[in-house]
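Asks: Position 14, counted from 1, in the sequence shown is what this note's numbering calls 297; the numbers after and before it change by one each time, with no gaps.
Ideal Cβ placement from N, Cα and C applies to all residues, glycine included.
The structure displayed is predicted, hence computed values, not measured ones.
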Amino acid sequence: MYSNPNQRPTAEELYSIISFWHKSMNGYYYKGYQEKEEYGYKRKEIEFIFKEADKEIPNILTSYEKELDAIYTSRLLTFDLTSALNSSIITSYLDEEDN
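1) Can the beta-carbon of residue 326 be found less than 9 Å from the beta-carbon of residue 299?
2) So, using beta-carbon positions, are residue 303 and residue 329 closer together than 9 Å?
3) Which same chain residues, not among the five before or five after residue 292, have their C-beta less than 8 Å away from its C-beta?
4) Counting only the same chain and skipping the five closest in sequence on each side, list residues whose C-beta sits under 6 Å from that of residue 321.
5) Could you pull the start and end residues of the alpha helix (DSSP H) that residue 348 belongs to?
6) So, helix, strand or coil for residue 319, using DSSP?
7) Per DSSP, residue 324 is paired with what?
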């Protein structure tokens, strides 16, 4: 995820992406919709990806055992996270990914 808000999708773009996924999974058909491509995927590819992911749900471990000897404590973070995210090293790396 980009630390620069201008490089992140807008709420409208996210709505459009999620709407495309929803329509792909819920039988929203009209002539040519199966072959319609958005965001680099066709509707039938999205449907396949979600169906494959659904098959994995039973394999996800949902019960966790706690280590009785472990000590869980909360600690105050003493560094400025925003400056770390916007460091020149990270920014230059993200810029390289865009190109």
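Replies: Reading off the structure:
1) no
2) yes
3) 300
4) 303
5) Run containing residue 348: none; DSSP gives neither H nor E here.
6) coil
7) 321
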